[in-house]
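Colleague: Chains as they are written, first to last, in the working numbering: chain L, 1244 to 1402; chain P, 232 to 845.
What follows is a single structure, and I will ask about it in a moment.
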Amino acid sequence: MQKSLHIDPGKCTGCLQCEMACSYDNEGAFNPSKSRIKVFAFHDEGRFVPYTCTQCDEAWCMQACPVDAISVDAATGAKVVSDARCVGCKVCTIACPFGTINYNADTGKVVKCDLCEGDPACATACPTDAITFIDANWTGLERMRAWAAKTDSGAQASA
Amino acid sequence: MAWARNVLRVNLTAGTCTNEPLNMDWAMKYLGQRGLATKYLYEEIDPKVDPLSPDNKLIMTTGPLTGTMASTAGRYSVVTKGALTGAIACSNSGGFFGNEMKNAGYDMIIFEGKAPKPVYLLVQDDSAQLVDAAGFWGKSVWDTEEGIKAKHGDPQIRVASIGISGEKGCKFACVVNDMHRAAGRSGVGTVMGSKNLKAVAIRGTKGVKVEDFAAFAQVTNAAKAVLAENAVTGQGLPAFGTQVLMNVINEMGALPTRNFRDIQFEGAKDISAEAMAEPRRSDGKPNLVRNGACFGCTIACGRVSTIDRTHFSVAERPEYHKASGGLEYEAAWALGAATGVNDLDALTFANFLCNEQGMDPITFGTTLGAAMDMYEEGVLTTAQTGMPLTFGSAEALVKMVELTGKGEGFGVELGLGSKRLCEKYGRPELSMSVKGQEFPAYDGRGIQGMALTYATSNRGACHLRSYTVASEVLGIPEKTDPLVTDGKAGLVKAFQDATAAVDSAGICVFTTFAWTLDDIAPQIDAACEGNWTSEYLLEVGERIWNLERQFNMKAGFTGADDTLPKRLLKDAAKTGPATGKVAELDKMLPEYYELRGWTPDGTPSNETLSRLGV
């Protein structure tokens, strides 16, 4: 079963545990500035929104890369950057409509979410289940369940 | 590991920024943050120094866990000689600034001297420079924070700054970071203002490492599970915030009301967590938008709130219609019960203003309460105050918070704090303070341990130095009777020592609703070199407590300052479970001194100091 990262901003408190987990997994230090998932705080509205690569099937980054440095991990469906091939041209960062692939000036390569080989550190670290790693075919299941619970509830109560 | 082992020393007089290695011998004895910065201050300044002179120093400091994945590990403190108190000051803040400082590679930033004209410090990893703050002087915290990010084109910069109150010498100015997180008490922002230092802006990208990551991940995950499963940290605080206490403390007769004339507030329910969740009549929305976390915090007690757009405080001012930091319990109490005001929107507005202009809401609210007390007694008149300062007046609260924040009109007087204000008008006994700092939201007549807590706190009256409320109200770690004095000396000492260690680690004291030192020690031990056991942390805490006490003794304080206002010692509680009780300090203080290994007049003995290596 292929899995997807699923984000529910309503549950996010903005604690950045996900950013620390991501950076540790990839960089070996707690360093939110190197995280591949970012939490955006919309202060004036009181909203926190985690955001990262959604692993497009026909990924703009992958198609734009002139040196075929981005490939699909068959096991996870993740689009993965090969550091050996990447030349740091940044064309992928232009192609990606979502901004989720970025250049790392320290290494001269681009970085993006690679789903941590199928065990994403951000989802494990999230204390509120705002980030989960679930069946890619049923990311809407919980939301469907919530609405289903409301449907016909009057009839249930009166029965 | 864990420590960055690096100190940034900023000489504001000379305009220089230099790096030096962290004193690791001291770190092994004082851990970090509160303890370690106090050690630096103690060694580097004369405790008798005028807090507002260039000879005072101001230290921003992280703990070894700051910036790690340990829950709540984003804290930093501001340590200096307090402008409000003249005592050691250590004010702790959450938000995201502390992590940024650590990620830039600094355990501490020490500010010394005074800049010839207003400046701010800009730190980008190894680069540190003082920048002309002319464009920001006279601006609020909110405008300064947004302005600095815009000026440098970097929205990821984190800023800690002072508002207009701190520039103008309000004695209880805070240092505010991330819009509404504050190093709040004792006038640490006033000291920053006296140095012509408007803000510290940091961007850190270096990363924080720990000694043994595998062990660290294991113990921090276990500790996070303890927080999640605890009723207070797992349910009460995220859902209701610290405001969960308002009705509880009122019902037990320990909610100081109208400058401590009363001990229960008839309007408590109107300003409680429950009231914050009630839909408003005007727009059907509640005051509370949602909860929010500080860096790394898996509790998330923070409140995000809005003010009713039709409320008189903001009806004509759309700039206050946005969401911002909402009421915590201490602020709600000080702005509400201490002044007798039960208007939730007025309190939220006052709280916003305290954040915007960088003022401690506890001291502001209690000082306004004292002014109202003098107004009702005829000591202050409308000619002096500009408007009636009657208890319960939301109009007075809204007007006075704005005047005080901007240092205008009667706000200049309120900016003195209650001790100086009441002395000035000949009624010193009406200041509800110890060592110049006002009480927070628990009455020592109804919770006896807090009477001793306030009297002996090294930074003046404070609930965060030994929160015996945990035991006397919530039963953590075990329930004690709040009206009984027996055993409270030992309880206060144990809480003081443990809390001093927690405050030195980089984590939030709220974890101790669920964590004991047995949960905390393994996290420090995995992150840091050395052997950090619960027993050693208690020793570190006791060492810190005695060092702070020594600072105060050298600053001129004596055991005679370990006392309470007459109102708590002589005027019995009139209602509630504590009816007839006064704060029985005399039954606890001698035993406390003995347990501390201090002389009967409250001086640390040479044996105690040498045992602790102070």
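Where a beta carbon is used, it is the ideal one built from N, C-alpha and C, also for glycine.
Name the chain L residues whose beta carbon is nearer than 8 Å to that of F526/P?
Modeller: C1258, L1259
Colleague: Just the chain L side, please: which residues come within less than 7 Å of R521/P by C-beta, in chain order?
Modeller: G1289
Colleague: On the DSSP bridge assignment, give the partners of M339/P in chain order.
Modeller: V238/P, T292/P
Colleague: Among residues of its own chain, excluding the 5 on either side of V740/P, which ones have a beta-carbon nearer than 8 Å to its beta-carbon?
Modeller: N323, L695, Y698, T730, V733, D734
Colleague: So, with DSSP's three-state summary, where would you put P517/P?
Modeller: DSSP, read as helix, strand or coil, puts P517/P in strand.
Colleague: Anything in chain P within Cβ reach of E1270/L, meaning under 9 Å, just list it in chain order.
Modeller: G438
Colleague: Which residue from D1326/L, W1381/L, C1308/L, T1256/L puts its Cα closest to that of G326/P?
Modeller: T1256/L
Colleague: Measure from the alpha carbon of V1353/L to the alpha carbon of each residue in F1291/L, E1288/L, V1310/L, then state which is nearest.
Modeller: V1310/L
Colleague: Using a beta-carbon distance below 8 Å, is N334/P in contact with chain L?
Modeller: yes
Colleague: Touch check for the stretch 235 to 242 of chain P and the stretch 325 to 341 of chain P: three-plus C-beta pairs under 8 Å?
Modeller: yes
Colleague: Under 8 Å, CB to CB, which of the residues in the stretch 481 to 495 of chain P have a partner in chain A?
Modeller: Absent here is chain A; the protein component of the structure consists of chains L and P.
Colleague: Run down chain P in chain order and give the residues with a C-beta less than 8 Å from the C-beta of M1263/L.
Modeller: T299, M300, G527
Colleague: Any idea if A381/P is buried or exposed, counting beta-carbon neighbours within 10 angstroms, 16 or more meaning buried?
Modeller: exposed
Colleague: So which residues of chain L does K455/P contact, with C-beta pairs closer than 7 Å?
Modeller: P1370
Colleague: Taking the alpha-carbon positions, what's the V545/P to Y551/P distance?
Modeller: 6 Å
Colleague: Check each residue of the stretch 543 to 568 of chain P: if its Cβ is closer than 8 Å to any Cβ of chain L, include it; give the result in chain order.
Modeller: K553, A554, S555
Colleague: Does any C-beta atom of chain L lie closer than 8 Å to the C-beta of N237/P?
Modeller: no
Colleague: Along the alpha helix (DSSP H) that carries Q754/P, what are the first and last residues, could you check?
Modeller: 748 to 758
Colleague: Please report whether the beta-carbon of N1274/L lies at a distance below 8 Å from any beta-carbon of chain P.
Modeller: yes
Colleague: In three-state terms, what does DSSP make of H552/P?
Modeller: coil
Colleague: May I ask you to list the residues that DSSP assigns as paired with Q1245/L?
Modeller: Beta-bridge pairing links Q1245/L to no other residue.
Colleague: Short check: CB of R416/P to CB of Q727/P, under 8 Å?
Modeller: no
Colleague: Note down, in chain order, each residue of its chain lying with its Cβ closer than 8 Å to the Cβ of M255/P, except the 5 sequence neighbours on either side.
Modeller: Closer than 8 Å at the Cβ level, and outside the excluded window around M255/P, lie W234, R236.
Colleague: What residues from chain P crowd round S1266/L, counting only those whose CB sits closer than 8 Å?
Modeller: G438
Colleague: Which whole-angstrom value is the C-beta distance of L840/P and A720/P, which I expect to be below 8 Å?
Modeller: Not quite, the Cβ-Cβ distance comes to about 20 Å (not below 8 Å), so this is no contact.
Colleague: Runs of 4 residues minimum, wholly inside the stretch 563 to 604 of chain P: which ones carry the alpha helix (DSSP H) assignment?
Modeller: 575 to 588
Colleague: Among F491/P, G589/P, E608/P, F526/P, whose alpha-carbon lies nearest the alpha-carbon of G567/P?
Modeller: F491/P
Colleague: Measure the alpha-carbon distance for G557/P versus S836/P and round it to whole angstroms.
Modeller: Within the model, the alpha-carbon separation for G557/P versus S836/P is close to 45 Å.
Colleague: First and last residue of the beta strand (DSSP E) that includes C321/P?
Modeller: 319 to 324
Colleague: Could you tell me which uninterrupted alpha helix (DSSP H) segments, each at least 4 residues in length, are contained entirely in the stretch 427 to 482 of chain P, listed from first to last along the chain?
Modeller: 444 to 460, 468 to 471, 476 to 482
Colleague: Looking at C-alpha atoms only, which residue of Y824/P, A359/P, A453/P is the closest neighbour of D750/P?
Modeller: Of the listed residues, the one whose Cα sits closest to D750/P is A453/P.
Colleague: Quick check on the DSSP output: what are the complete alpha helix (DSSP H) runs of length 4 or more inside the stretch 336 to 417 of chain P, in order along the chain?
Modeller: 372 to 382, 395 to 398
Colleague: Skipping 5 residues on each side, what residues in its chain have a beta carbon closer than 6 Å to that of D1326/L?
Modeller: Within the same chain, D1326/L has close Cβ partners K1352.
Colleague: I want to verify the contact list: residues of chain P whose CB lies under 8 Å from the CB of K1277/L, in sequence order.
Modeller: T436, G438
Colleague: Check whether the Cβ of H1249/L lies closer than 8 Å to any Cβ atom in chain P.
Modeller: Not an interface residue.
Colleague: Tell me which residues share the same chain as T711/P and place their Cβ nearer than 6 Å to its Cβ, disregarding the 5 neighbours each side in the sequence.
Modeller: S702, E703
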